[in-house]
């Protein structure tokens, strides 16, 4: 079997199939265009998508078993290639294989992080042949695939953020033990013999996925967690979720996501440090939380569906109405919706009760199967070309075979405004180590996660000699909000002493977060409790909650006695 596996990974497979007619495509907003980048048999059950540093689409897909066994064939990550730059993929290459159901992907440097519950895995290509040679199991025993690990994102703080549903692990030491923060979410009592496991490194030949019975029981809560890029310093950011499938942050490093519920409606969430959103609350449950002080409130109308992928959009050249918005998928209703923010103090809300629809299939689906138009949207990303990329799962709920062969459908769609011209081609970048500092700074504000993340890490590697250039760029007029955010974090990570910028609200917020990051709480944090902007006051409270400062308790009590903002008061009460 080992020999066969090696041969399979070396094959680059080419496919040709007629593109679907208009009657199979989703119905889209009149001011958008759509194309099919890939379809079955090239892709089947494509669940998670991301782009590598060369701008190539990486797809985690099928068989996507719903009831796997220990011997069930695993999922793979494939690199799709558009060799003639016509906007359609002609071939694919298997980058890594043998995973449980892949439900999240994120690149940083040469590392591809794969959410494949019960595991979190890193795969690396060590020799540049686009085939992963090394597999590192960072965590295991993270629960089943139904409410598993999703939502992998690297923030400007260099940390990996992830969303986790409320399925719990087996906790069978020493081999099957999740890190302590996961066990805390599930309500598993800690004890001395529950030592956190260390990462295990495999080759492509020796790696074997772990198995978890999807019918095992549930923990108290799901959560949002973060860790360093080696898996260390894992901590809970937010909790009280049932199954948060995906999360994304905007150009101010503020989060939005979706959480799934069976009976009370799915909800839109804006998680922040220390927040509890109701599910599994120890003494006062409320699902929506809007008028219920013990829980953080929702950030949009409840909906009966299945919220999946979400992405923030701010693409140069897009019409203003599609700037600074989130797009999110609803797999059950077979729709992609548009979320526009309206701030009510520090409370992020949708600007309307009935959200606009970007794309839909003229009707929802049942769990077993969909029919009609081929649009069962799962993941969503903004590509290097500026288009919106959506993975559409197969019609069946899990693996479907005909005559012994997998027969699930699959689509990768590209959507873009009619007033915008997406680019085709490789979008290949120079090697980061050879790039000029100006080129790297320019990529800091880019919408493609891997480009801004890798550019930041290279600038940090170059150290303090680059600080004058970064500070000069930060002082310039006309920086985008995204570039400003990533500049502040890059400066602050190079030099912890450079931790206070206050020319505008965003600079204040990022400076407060930097102080929490470095645990160097200054007097400016306490003074920020009196800022006129509620979002600044909120961040000051969260910074104090994560650190320590002289007079902290008295200052928080004083704020609580006079605070009128719903979110700031909630955070102060919890601090």
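In the working numbering, the protein residues as written are 13 to 587.
Every residue gets a Cβ at the ideal spot worked out from N, C-alpha and C, and that includes glycine.
- DSSP places residue 165 outside any alpha helix (DSSP H); the residue lies instead in the beta strand (DSSP E), whose first and last residues are 161-166.
- In the DSSP assignment, residue 279 falls within the beta strand (DSSP E) that extends over 279-281.
- In the pairwise beta carbon analysis, the stretch 418-432 is classified as not touching the stretch 446-460: fewer than three pairs are separated by under 8 Å.
- The Cβ atoms of residue 264 and residue 521 sit closer than 8 Å to each other.
- For the set 251, 568, 476, the Cα lying nearest the Cα of residue 193 is the one of 251.
- A check of alpha carbon separations from residue 107 across 175, 129, 73 identifies 73 as the nearest.
- DSSP places residue 357 outside both helix and strand once states are collapsed to three, so it counts as coil.
- Taking the Cα positions, residue 378 is about 7 Å away from residue 344.
- A direct Cα-to-Cα measurement between residue 196 and residue 560 gives close to 23 Å.
- The Cβ atoms of residue 169 and residue 501 lie closer than 8 Å to each other.
- Residue 347 is not a Cβ neighbour of residue 322, given a cutoff of 8 Å.
- When the five nearest sequence neighbours on each side are left out, the beta carbons in the same chain lying within less than 6 Å of the beta carbon of residue 148 are those of 134, 211, 213, in order along the chain.
- Under the three-state reduction of DSSP, residue 581 is assigned to helix.
- DSSP lists 58, 88 as the bridge partner or partners of residue 73.
- For the beta strand (DSSP E) assignment, the uninterrupted runs of no fewer than 3 residues enclosed by the stretch 368-443 are, from N- to C-terminal side, 368-372, 389-394, 400-404, 423-429.
- The DSSP-derived three-state label of residue 34 is helix.
- The secondary-structure analysis by DSSP pairs residue 247 across a beta bridge with 238.
- With 16 or more neighbouring CB atoms inside 10 Å of its own CB, residue 307 falls in the buried class.
- Residue 496 is positioned such that its CB atom lies no closer than 8 Å to that of residue 466.
- Distance from the CA of residue 423 to the CA of residue 185, rounded to the nearest whole angstrom, comes to 41 Å.
- Contact check between the stretch 389-396 and the stretch 296-305: fewer than three CB pairs, one atom from each, fall below 8 Å, which does not count as touching.
- Look at residue 342 here: in three-state DSSP terms it is strand.
- Of 235, 255, 268, the smallest CA-CA separation from residue 278 is found for 255.
- Considered as a whole, the stretch 124-148 harbours no complete run of any alpha helix (DSSP H) with no fewer than 4 residues.
- In this chain, the alpha helix (DSSP H) harbouring residue 555 covers 546-558.
- Of the residues assessed, residue 355 falls on the exposed side of the cut-off, its CB having fewer than 16 other CB atoms within 10 angstroms.
- Pairing residue 155 with residue 272, the inter-Cα distance amounts to about 17 Å.
- Nearest neighbour of residue 44 by Cα position, chosen from 296, 432, 198, turns out to be 432.
- Residue 406 has its alpha-carbon roughly 7 Å from the corresponding atom of residue 388.
- Exposed is the label assigned to residue 516, since fewer than 16 other Cβ atoms lie within 10 Å of its Cβ.
- The C-alpha of residue 385 lies about 17 Å from the C-alpha of residue 349.
- Contact fails between the stretch 219-236 and the stretch 115-126, because fewer than three Cβ pairs, one in each stretch, are under 8 Å apart.
- The C-beta distance from residue 174 to residue 160 rounds to 10 Å, too long to fall under 8 Å, and the pair is not in contact.
- For residue 173, the secondary structure class from DSSP, reduced to helix, strand or coil, is strand.
- Of all C-beta pairs linking the stretch 284-298 to the stretch 313-322, fewer than three are shorter than 8 Å, placing the two stretches out of contact.
- For residue 337, the pairing in a beta bridge is given by DSSP as 325, 352.
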